[in-house]
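Notes follow once the structure below has been shown.
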Amino acid sequence: MGAYADEHRRSLEDPEGFWGEQARAVDWFTRPRTVLDAGAPPAGRWFPDGVLNTCYNALDRHVVRGRADDPALVFHSAYSGTRRTYSYADLLQEVAQLGGGLRELGVGPGDRVVISMPMVPEAVIAMLACARLGAVHSVVFGGFAAAELAARIDDARPKVVLISSCGLEPGRVVEYKPLLDAALERSTHRPDYVVVHQRPEATAELRGERELDLAVLMRPGQFQPAGCAELAATDPLYILYTSGTTGKPKGVVRDHGGHAVALAYSMRAVYDVGPGDVMFTASDVGWVVGHSYIVYAPLLVGATTVLYEGKPVGTPDAGAFWRVVSEHRAKVLFTAPTAIRAVRRADPEGAFVRRYDLSSLQALFLAGERLDPDTFAWAGETLGVPVVDHWWQTETGWPIAANPRGLEPLPLKPGSPSVPVPGYDVQALGPDGAVLPAGEDGALCLRLPLPPGTLPTVWGDDDRFRRSYLDAFPGWYLSGDGGHLDEDGYVFVMGRTDDVINVAGHRLSTGAMEAVLASHPAVAECAVIGVADALKGQVPRGLVVLADGVTTPAGQLEAELVALVRSEIGPVAALRRVDVVAALPKTRSGKVLRRTMREIADGGPGVVPSTVEDADVVERLRPVLRDDRAG
Numbered sequence: 304m305g306a307y308a309d310e311h312r313r314s315l316e317d318p319e320g321f322w323g324e325q326a327r328a329v330d331w332f333t334r335p336r337t338v339l340d341a342g343a344p345p346a347g348r349w350f351p352d353g354v355l356n357t358c359y360n361a362l363d364r365h366v367v368r369g370r371a372d373d374p375a376l377v378f379h380s381a382y383s384g385t386r387r388t389y390s391y392a393d394l395l396q397e398v399a400q401l402g403g404g405l406r407e408l409g410v411g412p413g414d415r416v417v418i419s420m421p422m423v424p425e426a427v428i429a430m431l432a433c434a435r436l437g438a439v440h441s442v443v444f445g446g447f448a449a450a451e452l453a454a455r456i457d458d459a460r461p462k463v464v465l466i467s468s469c470g471l472e473p474g475r476v477v478e479y480k481p482l483l484d485a486a487l488e489r490s491t492h493r494p495d496y497v498v499v500h501q502r503p504e505a506t507a508e509l510r511g512e513r514e515l516d517l518a519v520l521m522r523p524g525q526f527q528p529a530g531c532a533e534l535a536a537t538d539p540l541y542i543l544y545t546s547g548t549t550g551k552p553k554g555v556v557r558d559h560g561g562h563a564v565a566l567a568y569s570m571r572a573v574y575d576v577g578p579g580d581v582m583f584t585a586s587d588v589g590w591v592v593g594h595s596y597i598v599y600a601p602l603l604v605g606a607t608t609v610l611y612e613g614k615p616v617g618t619p620d621a622g623a624f625w626r627v628v629s630e631h632r633a634k635v636l637f638t639a640p641t642a643i644r645a646v647r648r649a650d651p652e653g654a655f656v657r658r659y660d661l662s663s664l665q666a667l668f669l670a671g672e673r674l675d676p677d678t679f680a681w682a683g684e685t686l687g688v689p690v691v692d693h694w695w696q697t698e699t700g701w702p703i704a705a706n707p708r709g710l711e712p713l714p715l716k717p718g719s720p721s722v723p724v725p726g727y728d729v730q731a732l733g734p735d736g737a738v739l740p741a742g743e744d745g746a747l748c749l750r751l752p753l754p755p756g757t758l759p760t761v762w763g764d765d766d767r768f769r770r771s772y773l774d775a776f777p778g779w780y781l782s783g784d785g786g787h788l789d790e791d792g793y794v795f796v797m798g799r800t801d802d803v804i805n806v807a808g809h810r811l812s813t814g815a816m817e818a819v820l821a822s823h824p825a826v827a828e829c830a831v832i833g834v835a836d837a838l839k840g841q842v843p844r845g846l847v848v849l850a851d852g853v854t855t856p857a858g859q860l861e862a863e864l865v866a867l868v869r870s871e872i873g874p875v876a877a878l879r880r881v882d883v884v885a886a887l888p889k890t891r892s893g894k895v896l897r898r899t900m901r902e903i904a905d906g907g908p909g910v911v912p913s914t915v916e917d918a919d920v921v922e923r924l925r926p927v928l929r930d931d932r933a934g
């Protein structure tokens, strides 16, 4: 760990010197003299006297430096068959035009704009247009439930809401305008304007002079194209609401300066992607992954980003990702483990991989949930490239732990997202706040100050920020994940700390049990939850989705899985029941709804979050979860 260790040590010993150097990768209108104001409430601010514009850094500077004709954004729709490539000049023209239209509607620095769109170029253009003006965008999923959309509108209080008329799903069209209408009936805040991007698959009805067609704002010559506002590095770029929130939404704030510096650094250090490279991030712009690694980071470094509208399987087959990689010559593919598990389940032999030229692909990056060793092994063997698990959160905006391929590719360890990225001091803490020795599980925490690019606060509520992240262990940021570091400094994330269960006084990781279940060749996906038990406090229950072609009787498979956990973890695990189910309920980012399943199994209502991919999966599971047959 020569190059990596040196850089990581320097980032912790001299954060101001280190990040001052990284800030040179960004163009500033006024270069910051102060790198870190550690005393700024609530937890310090980066580059407080710097002035810049994120959109200028993502678009204008590449055009100015002779790269106007280089591809910036490639749109690839598996539903409509559309392919469109935007050069940096094309994208700049569209963004400046929409910026001018929004400015005409009264949008300026600090105003909020809510964007509810599917994976279409207009979503990217809208985000960049807001950044250009200094407006604060808040992207929510297209097709978001009305109640949740209303809560976000009331919290962000946008001047404009920008939506698409519809989104496309396999076999159906989802109309968005009725959902927004219902949300606005519920909300107390009224935006000045609703702007609709009309898609041919379903046209939305516009009512009144406050509802406008996006095409009018985008019409060349209609309005003067917008220039770049000069913004403080500490000005907010966007608000992103964390998934699964109940009650008042929790809006993660991202600033302009730290965000641009951190993302540019991560592209070099972690992903090894630079000018002219192609990055295919198979996520959604509604998630932090889409914000960071579909929209902003690739453009900040002059790369080409692929915007994919489709699924990993079923649009039309399990070769969807490989087709995109081959067609657009992607160097890096970034997606969630659940997507690769779906591909593996549909194509266990990797037949579709062999149909495409994947010679451009140099690494597969996975994040968003725990990567089980079997999926790690299958992807690596099938693709023949490094599979890089990495760990981060909506709150951090970029990786906390990863294999630093741009600095020094390190040995990969199944089950680990490798090592802390420079800028992050990651430790496992015990209940008393003491740093635990190697190998001992605790609360994974980040020593303050957090590096640039991480959340400086929660929208409109510094106290909530402190309560949620800082108060548990003074001087540390509480990640909410549990795990440990090994003797080599590799991080092992075992799951959310509320997924540690207490069985007769023994604290056990459901993630460890899931890893054992996933190692069985019949299992495609699995989840373990802790269920209330009168005698032991909690007992674990397993749910598994079978791999295609498995014919083992359920009773026999359950016995094999129970025996496997007993062998690998020990009788203390007390796993006695494993149910075979058709599917596990997940959010759109691929996170399994363990908390919801646990609530149902314990007799509660099991509130289904708005970010769930398919609510019917939860309903089909309710009878299984509430069946209290003896284990």
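Under our numbering, the very last position in the sequence shown is 934; numbers go up by exactly one each time. We put the beta carbon where it would ideally sit given N, CA and C, even for glycine. None of these values were measured; they are calculated from a predicted model.
CA-to-CA, the gap between P824 and V581 works out to about 35 Å. Look at R502 here: in three-state DSSP terms it is strand. A Cβ-Cβ contact shorter than 7 Å links V911 with V921. Under the criterion of beta carbons closer than 8 Å, P412 and L436 qualify as touching, at roughly 7 Å. Each of G342, R327, D340 was checked against the Cα of N360, and the nearest Cα belongs to R327. The beta carbon of R925 is closer than 8 Å to those of I903, G909 in its chain, skipping five residues each way along the sequence. Cα atoms of L395 and A535: separation of roughly 22 Å, rounded to the nearest angstrom. When the alpha-carbon of K553 is set against those of G792, Y780, V761, the nearest one is in V761. A check of alpha carbon separations from K634 across S380, V688, Q525 identifies V688 as the nearest. A705 is a Cβ neighbour of S721, given a cutoff of 7 Å.
Contact check for V616 against A649 passes: the beta carbons are separated by less than 7 Å. Excluding the 5 residues flanking it on each side, L896 has same chain C-beta neighbours closer than 6 Å at P888, in chain order. Listed in chain order, the beta strand (DSSP E) elements of length 3 or more contained wholly in the segment 336-360 amount to none. When the beta-carbon positions are compared, Y780 and L749 come within less than 7 Å of each other. The beta carbons of G404 and F526 sit closer together than 7 Å. For R334, the closest of I542, M430, A642, G561 by C-alpha to C-alpha distance is G561. C-alpha of L860 to C-alpha of L667: approximately 32 Å in a straight line. Put simply, the backbone Cα of A438 is about 13 Å away from that of A399.
In the structure shown, K480 falls within a helical segment according to DSSP collapsed to helix, strand and coil. For the pair E630 and D744, the Cα-to-Cα distance works out to about 44 Å.
When the five nearest sequence neighbours on each side are left out, the beta carbons in the same chain lying within less than 7 Å of the beta carbon of L315 are those of D728, in order along the chain. The secondary-structure analysis by DSSP pairs P843 across a beta bridge with G833. Judged by DSSP secondary structure, W779 falls within the beta strand (DSSP E) whose first and last residues are 779-788. In summary, R658 is exposed, with fewer than 16 beta-carbon neighbours lying within 10 Å of its beta-carbon over all protein chains present.
Look at the beta carbons and you see the segment 478-492 touching the segment 507-519: at least three pairs across the two are nearer than 8 Å. Judged by beta-carbon spacing, T678 lies beyond the 7 Å limit of P702, meaning their Cβ atoms are not closer than that value. Remark: fewer than three beta-carbon pairs, one from each stretch, lie closer than 8 Å, so the segment 560-580 and the segment 385-395 are not flagged as touching.
If you draw a straight line from the Cα of V576 to the Cα of P351, it is about 28 Å long. Between G763 and the set V499, Y544, H500, the nearest pair of CA atoms involves Y544. Inter-residue distance for P752 and V564 is about 16 Å (C-alpha atoms, whole angstroms). Across the set R493, A585, G593, the C-alpha of G593 shows the shortest separation from the C-alpha of Y541. Taking a cut-off of 8 Å for Cβ pairs, the segment 491-501 and the segment 369-383 do not touch, as fewer than three such pairs fall below it.
In the three-state scheme derived from DSSP, where H, G and I count as helix and E and B as strand, R644 is classed as helix. Ranked by Cα distance from V367, the options L401, R901, D330 are led by D330. Fully contained in the segment 738-771 are the following alpha helix (DSSP H) runs of length 4 or more, in chain order: 765-768. The beta strand (DSSP E) runs of length 3 or more contained entirely in the segment 626-683 are, from start to end of the chain, 635-638, 666-669.
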